[in-house]
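Numbering (this note's numbering), first residue to last: 661 to 888.
By construction, the Cβ of each residue, glycine as well, lies at the ideal position given by its N, Cα and C atoms.
Only a predicted model underlies this, so the values are computations on that prediction, with no experimental measurement involved.
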């Protein structure tokens, strides 16, 4: 009888795993992480490379953004990171209004709150206040404040280091999409001080001719482009 009960229990657990593989994974504890990564997206590359219809709030014809906030990500030094730590999906309108100037997409805000913000240990209001404070800490070099001249990718990091005393090469990473700079990532401690990045937060610009450009080449459109 006990043998049959054990077999039944094993089958039940197996079925739960099959139906939902994450069922038995331990949900990360909100606030349990080592540091933050502030991701700044170069808007021209994002808008040129987005599949489907880009968000008009960020990519409309009259929207001329340079670097905008992609996210503020709780991160661990070993390269892992917590994600979707609670079921909270609420985002107050006041938070949206305060954050739009530096993160001009409601959909992006919601995604970032759900996936990353819920792991910060903060509520939505405090998390986005932290995000805005992190953005305010970073000085965007004059050359890169708005879409303008083309700048080699290798110079982007140098310009940020010169504009931000205390920021070191170990605390910043430049990311490219093909041969265009798409993102800059800055590592910050929980008090938003500069610090070296952990593993896997590294430069990702393999093409030595990569550039930061106001007019990146758009994605090649297939007959049936993938939706966003």
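- In the DSSP assignment, residue 776 falls outside any alpha helix (DSSP H) and carries neither an H nor an E.
- DSSP places residue 854 within a strand segment (E or B) once states are collapsed to three.
- A check of alpha carbon separations from residue 722 across 710, 711, 704, 732 identifies 704 as the nearest.
- The C-alpha of residue 859 lies about 32 Å from the C-alpha of residue 715.
- A straight-line Cα-Cα distance of about 16 Å links residue 775 and residue 790.
- In terms of Cβ geometry, residue 745 and residue 784 do not form a close pair [threshold 8 Å].
- Taking the Cα of residue 697 as reference, the smallest distance to any Cα among 832, 743, 870 is reached at 832.
- Residue 787 and residue 719 have their C-alpha atoms spaced approximately 25 Å apart.
- About 4 Å separates the beta carbon of residue 701 from that of residue 730, a gap short enough to meet the 8 Å contact definition.
- The Cβ neighbour count for residue 813, taken over all protein chains shown within 10 Å, is at least 16; the residue is labelled buried.
- Within the DSSP secondary-structure output, residue 695 pairs in a beta bridge with 735.
- Nearest neighbour of residue 793 by Cα position, chosen from 764, 778, 848, turns out to be 848.
- Residue state for residue 847 is assigned as strand, using DSSP reduced to three classes.
- When DSSP reads this structure, residue 865 sits in no beta bridge, so it has no partner.
- Residue pairing of residue 833 in beta bridges, as defined by DSSP: 845.
- For residue 725, there is no enclosing alpha helix (DSSP H), since its DSSP letter is neither H nor E.
- Taking C-beta atoms as the reference points, residue 865 and residue 830 fail to come closer than 8 Å.
- Around the beta carbon of residue 692, fewer than 16 other beta carbons lie within 10 angstroms, which makes this residue exposed.
- With a 10 Å radius around the Cβ and a threshold of 16 neighbouring Cβ atoms, residue 796 comes out exposed.
- If you draw a 10 Å sphere on the C-beta of residue 845, you find 16 or more other C-beta atoms in it, and that means buried.
- Going by DSSP, residue 704 is part of the alpha helix (DSSP H) stretching over 703-709.
- In this structure, residue 799 sits away from residue 763, with a CB-CB distance that is not shorter than 8 Å.
- The beta carbon of residue 754 sits closer than 8 Å to those of 785, all from its chain and outside the five residues before and after it, given in chain order.
- DSSP, read as helix, strand or coil, puts residue 811 in strand.
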